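Here is the structure we will look at, set down as structure tokens.
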Amino acid sequence: MSADDIEAWMTKEPLRQHAPEASYDGVVQAAVSQPLPMISEDKAMRATYLLADFGCVQLSGLHANRTITSLSLRPPEVFLEAEWDKPVDIWTFGCLVHAQHLNTERMGMI
């Protein structure tokens, strides 16, 4: 699915918004979340994926004794309380792809 395909889909399926609502902190305008169209399994298996997660961003280098990510996605290095670095992101991404491919939650804990 190309950027042009996504843009065409978004033009065809425009953003829907709720009416503005008063809140304790002023007026809130909320959008209705819409899933993107699904691609075929064949295209998904041939796609290039980009991984981004800045939730625990820190300088690259070996880290030890720091619990990261949810239990079902946690890499072995963390369970073993060993030093870890960027490859743990690949492990986590692999867990997510595996769960998506099987259309299931990894160990029922995600």
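Once you know that position 5 of the sequence shown is 5 in the numbering used here, the rest is easy, because the numbers rise by one and skip nothing. Every residue, glycine too, gets a C-beta built ideally from N, C-alpha and C. Everything numeric in this text was worked out from a predicted model, so none of it was measured.
One thing to note: I39 has its Cβ no nearer than 8 angstroms to the Cβ of M10. DSSP places A22 in the strand class (E or B) of the three-state scheme. Going by C-alpha positions, A3 is about 15 angstroms away from A44.
A direct Cα-Cα distance of roughly 20 angstroms separates V97 from E77. Going by DSSP, P76 is part of the alpha helix (DSSP H) stretching over 76 to 79.
A distance below 6 angstroms between beta-carbons, with the five flanking residues on each side excluded, links W91 to the following residues of its chain, in chain order: P75. Going by beta carbons, P20 and V28 fall inside the 8 angstroms limit.
For Q17, the three-state secondary structure derived from DSSP is strand. By the Cβ neighbour-count rule, L80 is exposed, with fewer than 16 other Cβ atoms within 10 Å of its own.
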